[in-house]
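Protein chains in written order, with this note's numbering: chain A, 1 to 257; chain B, 1001 to 1223. First up is the structure itself, then whatever we jot down about it.
Rendered as C-alpha cells:
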C-alpha cells in the first residue's frame, strides 16, 4: 500500500540552510547536505529545498549543494525557488534533484509547466500553489505570498494538472509559520479535484496536524520546516502518530532493526 | 588481471533523461567503478549495464537510437550479460508502450500499460514490494519492504504467471515491480532513492555482477 509521506523542507540561502519567519530574520542553520543526511537517517521520505537566495550568482551555489546532497542522502529531492526555464530545470535535475517545484514562474507563464513536463515527464514537475483565503474562496498568491494574482486556487490547481504537473504542493499562506494547523478545507477541496498527489504545507505544529492533513485534508504527503529544524518533534514521532491513527507510513528498515 | 579480484565495472547509460548522480553515487559508494555511457564503446570495458530513466518510452528510444545505443544494448542482453533496468529501463524491455504507442526492445513478452484503477496518478512515493519468488537481488531485504516509486505506467507481462516476475506492488491493482531472467534484471522502483533497502538491493546487484565477471575471465579488459 502506498505510504503517506513526511517531507522536511529546508529553506536555503547562499548555500546554507536558514531559519526565519517568512524570509526575514534569517539565521544560519547549517549545511544542506549534512542536514539532509540527518533527516534521511531519521526517516524522512523525501526532501524539499526551497532556494530563497536573491543574488544572481545563486545558481552555481544551488547546483553545488544539490549535487553534494544527492551524493549523501539516497532519498528523493525536490528543488523549488527560482527555476524559470527548461534549461534551468535540466541543470537542477542533472545536479541530482528528482523534481523541480514551480511556483511564481508557473503562474506568470503556465506554458512553462507543459514544456517542463514534456521534456522531463510529469513526475518531475511539482507545481507549488500558495493560497490565501478570501471571502468564500482561496486566491493564489505569488512572490512568497506577497503578491495576489486574482486566480482561484482550485481552478489553478486543475489547470496546472492539465498542463502536466505530476504533484501539487499546496501551502496555506494564512497558516504558514503560525503553527495553527493545516488548512484541511483547502487541501481537501484541491485533493478531491485532481488525480495527482497533493502535498500539504503551511501550519504544522504537531503530529496531530499531520494526521489531520491526510485524514481530513486527503493529502498524500505532508511537508513541514520549522518543527523539524527546531526539533520540536522528530520525524519518527510524527510517523508514529500517523501510524497510530491507522495511516500507512514507512517506518524504515533501520528503525525496524 | 582477473575481474574477480577488482571492482566490478558498471556502465550507467546516459541518454539525457535527467538525474544520474544518485545511481552513479550509490553504485560508487558500494565499491563499483562507474562509467557514464553516452555511446556504446564503453560497453567493451564494463561488466554490467544499468539503464535508468523516467518519462515516456518513445522519446527515450529515440534518444538511445540517436546515440547508437539500441543495438548494442540488445546485443548485450542477448549475450546474457548483466543488465539492470530501473523504472523506464525496465519498461523498455517489453514489446511496446501504450503511453505513446512506441515500440521498445521486446525482450520480455508484454506491454507497458497505464496503471489501472489507481487512486492517484502518477504513483509517487514509497510502496511495498511483495515477492513472488526468491531472488538474490532481494537478499537480506524483508519481503514487503518499502521502495520509492515514480511512474504512471508499468510493464505487464503477456503471461501473468511469467517466471520472470520476481515481485509485485499494489496501487489500485497489483503491477509487476521486479523482474529477473538470468542476468537480465529490472525494477520499477528507484533503488538509488530508496534509502537503506535500496542500497542493499544495489549491493546485491554489484555482487551478482562480480560473480558473473569472475566466471568470464578476460571478458572485460581494462582499456
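By construction, the Cβ of each residue, glycine as well, lies at the ideal position given by its N, Cα and C atoms. Here the structure is a predicted model, which is why all the values come from computation and not from measurement.
Residue environment, residue 184 of chain A, which counts as buried when at least 16 other CB atoms sit within 10 Å:
Numbered from 1 along the first chain, position 184 holds the residue referred to as residue 184 of chain A. Answer is buried; the Cβ neighbour count reaches 16.
Contacts of residue 96 of chain A in chain B (Cβ-Cβ under 7 Å)
Mapped onto the first chain, residue 96 of chain A falls at position 96. Under the 7 Å cutoff, chain B gives 1019, 1021, 1022.
What is the DSSP secondary structure of residue 1033 of chain B, reduced to helix, strand or coil?
The count along the second chain starts at 1 and reaches residue 1033 of chain B at position 33. Looking at residue 1033 of chain B - three-state DSSP - the assignment turns out to be strand.
I'd like the list of long-range same chain contacts for residue 70 of chain A, defined as Cβ closer than 8 Å, with 5 residues on each side in sequence excluded.
By 1-based counting over the first chain, the position of residue 70 of chain A is 70. Closer than 8 Å at Cβ, skipping near neighbours: 77, 95, 96, 97.
Identify every run of the beta strand (DSSP E) within the segment 157-188 of chain A, keeping only runs that are complete inside it and at least 3 residues long; order them along the chain.
167-172
Counting only Cβ pairs nearer than 7 Å, list the residues of chain B close to residue 67 of chain A.
Here residue 67 of chain A refers to the residue found at position 67 of the first chain. Within chain B, the residues near residue 67 of chain A are 1021.
Would residue 219 of chain A and residue 243 of chain A qualify as a contact pair, given that the criterion is a beta-carbon distance under 7 Å?
Here residue 219 of chain A refers to the residue found at position 219 when the first chain is read from its first residue. Here residue 243 of chain A refers to the residue found at position 243 when the first chain is read from its first residue. Contact: no.
Going by other Cβ atoms of all chains shown within 10 Å of its Cβ, with 16 needed for buried, is residue 108 of chain A buried or exposed?
Taking the first chain and counting its residues from 1, the one referred to as residue 108 of chain A is at position 108. The residue in question, residue 108 of chain A, is exposed, as its Cβ has fewer than 16 Cβ neighbours within 10 Å.
Between B:1175, B:1146, B:1088, B:1011, which lies nearest to residue 1076 of chain B when the distance is taken from Cα to Cα?
As a first step, residue 1076 of chain B is located in the second chain; it is residue number 76 there, counting from the start. Nearest of B:1175, B:1146, B:1088, B:1011 to residue 1076 of chain B, Cα basis: B:1011.
Could you pull out every unbroken beta strand (DSSP E) segment of at least 3 residues lying fully inside the segment 85-149 of chain A, listed in chain order?
99-102, 125-134, 137-142
DSSP three-state assignment for residue 1188 of chain B, whether helix, strand or coil:
For the purposes of this step, residue 1188 of chain B is taken as residue 188 along the second chain, with counting starting at 1. Three-state result, residue 1188 of chain B: coil.
By Cβ distance below 7 Å, which residues in the same chain neighbour residue 83 of chain A in space, the five residues on each side in sequence not counted?
Translated into positions along the first chain, residue 83 of chain A becomes position 83. Around residue 83 of chain A: 89, 92, 100, 102, 105.
Compile a chain-ordered list of the residues in the segment 67-93 of chain A whose CB is closer than 7 Å to at least one CB of chain B.
67, 70, 71, 74, 75, 76, 93
Quick one: what's got a C-beta closer than 7 Å to residue 158 of chain A's C-beta in the same chain, skipping five residues either side?
Counting from 1 along the first chain, the entry for residue 158 of chain A is found at position 158. Excluding positions up to five away in sequence, the list reads 193, 194.
Validate contact between the segment 223-232 of chain A and the segment 4-22 of chain A using beta carbons, cut 8 Å, 3 pairs
yes
Around the Cβ of residue 1003 of chain B, are there at least 16 other Cβ atoms within 10 angstroms (buried) or fewer (exposed)?
As a position in the second chain, residue 1003 of chain B is number 3, starting the count at 1. Low confidence applies to residue 1003 of chain B: its pLDDT is 44, below 50, so where it sits in the model is not reliable enough to give any reading.
If contact means a Cβ-Cβ distance below 9 Å, which residues of the segment 1120-1150 of chain B contact chain A?
1120, 1121, 1122, 1123, 1124, 1125, 1126, 1127, 1128, 1141, 1142, 1145, 1146, 1148, 1149, 1150
Between the segment 1089-1108 of chain B and the segment 1118-1133 of chain B, are three or more C-beta pairs nearer than 8 Å?
no
What residue does the alpha helix (DSSP H) around residue 67 of chain A start on, and which one ends it?
Position 67 of the first chain, counted from the first residue, corresponds to residue 67 of chain A. Per DSSP, residue 67 of chain A belongs to the alpha helix (DSSP H) from 58-70.
Which residues does DSSP list as the beta-bridge partners of residue 1012 of chain B?
As a working mapping, residue 1012 of chain B is identified with position 12 in the second chain. According to DSSP, which records beta bridges pairwise, residue 1012 of chain B is partnered with B:1036, B:1050.
Using 7 Å as the limit for Cβ to Cβ distance, is residue 197 of chain A near chain B?
Working through the first chain from its first residue, we reach residue 197 of chain A at position 197. Chain B contact via Cβ: present.
Roughly how many angstroms separate the alpha carbons of residue 1086 of chain B and residue 148 of chain A, rounded to a whole number?
Translated into the one-based positions of the second chain, residue 1086 of chain B becomes position 86. Translated into the one-based positions of the first chain, residue 148 of chain A becomes position 148. Going from the Cα of residue 1086 of chain B to the Cα of residue 148 of chain A covers about 42 Å.
Look at the alpha carbon of residue 249 of chain A and the alpha carbon of residue 1096 of chain B, and state the distance between them as a whole number of angstroms.
Working through the first chain from its first residue, we reach residue 249 of chain A at position 249. Working through the second chain from its first residue, we reach residue 1096 of chain B at position 96. Cα-Cα distance, rounded: 34 Å.
Within this structure, are the beta carbons of residue 44 of chain A and residue 235 of chain A separated by less than 7 Å?
As a first step, residue 44 of chain A is located in the first chain; it is residue number 44 there, counting from the start. As a first step, residue 235 of chain A is located in the first chain; it is residue number 235 there, counting from the start. Yes. Within cutoff.
Are the C-beta atoms of residue 1033 of chain B and some chain A residue less than 7 Å apart?
Indexing the second chain from 1 puts residue 1033 of chain B at position 33. No, because no Cβ of chain A sits closer than 7 Å to the Cβ of residue 1033 of chain B.
Straight-line gap, residue 1156 of chain B to residue 28 of chain A (C-alpha atoms, nearest Å)
Working through the second chain from its first residue, we reach residue 1156 of chain B at position 156. Working through the first chain from its first residue, we reach residue 28 of chain A at position 28. Cα-Cα distance, rounded: 50 Å.
Whole-Å CB distance - residue 126 of chain A paired with residue 166 of chain A, under 8 Å assumed
For the purposes of this step, residue 126 of chain A is taken as residue 126 along the first chain, with counting starting at 1. For the purposes of this step, residue 166 of chain A is taken as residue 166 along the first chain, with counting starting at 1. Contact flag correct, Cβ pair sits at about 7 Å.
Closest Cα partner of residue 1057 of chain B within the set A:35, A:1, A:121:
The residue you call residue 1057 of chain B lines up with position 57 of the second chain. Minimum Cα distance to residue 1057 of chain B is reached at A:121.
How big is the Cα-Cα spacing for residue 1123 of chain B and residue 1074 of chain B?
Translated into positions along the second chain, residue 1123 of chain B becomes position 123. Translated into positions along the second chain, residue 1074 of chain B becomes position 74. Using only the alpha carbons, I get a separation of about 29 Å.
Buried or exposed: residue 1078 of chain B, going by 16 or more other Cβ atoms within 10 Å of its Cβ?
Residue mapping note: residue 1078 of chain B aligns to position 78 of the second chain, counting from 1. Per the 10 Å Cβ criterion, exposed.
Please state the DSSP three-state secondary structure of residue 1073 of chain B.
As a first step, residue 1073 of chain B is located in the second chain; it is residue number 73 there, counting from the start. In the structure shown, residue 1073 of chain B sits in a helix (DSSP, three-state: H, G or I).
Using 10 angstroms around the beta-carbon of residue 1 of chain A, count the other beta-carbons present and answer buried if the total reaches 16, otherwise exposed.
Position 1 of the first chain, counted from the first residue, corresponds to residue 1 of chain A. Exposed, because fewer than 16 other Cβ atoms sit within 10 Å of the Cβ of residue 1 of chain A.
Considering only their Cβ atoms, is the gap separating residue 1172 of chain B from residue 1118 of chain B smaller than 7 Å?
Stepping through the second chain from its first residue, residue 1118 of chain B is reached at position 118. Stepping through the second chain from its first residue, residue 1172 of chain B is reached at position 172. It is a contact, given that the beta carbons lie within the stated cut-off.
Residue from A:4, A:190, A:209 with nearest C-alpha to residue 46 of chain A
To locate residue 46 of chain A, count along the first chain from 1; it is residue 46. When each option's Cα is compared against that of residue 46 of chain A, the closest is A:4.
So residue 1195 of chain B contacts chain A; which residues on that side make the cut at Cβ distance below 7 Å?
Along the second chain, read from residue 1 onward, the residue named residue 1195 of chain B stands at position 195. What residue 1195 of chain B touches in chain A: 40, 74, 75, 252.
Taking its Cβ as the centre, do 16 or more other Cβ atoms sit within 10 Å of residue 1068 of chain B, making it buried, or is it exposed?
Position 68 of the second chain, counted from the start, is the residue given in the question as residue 1068 of chain B. So residue 1068 of chain B ends up on the exposed side.
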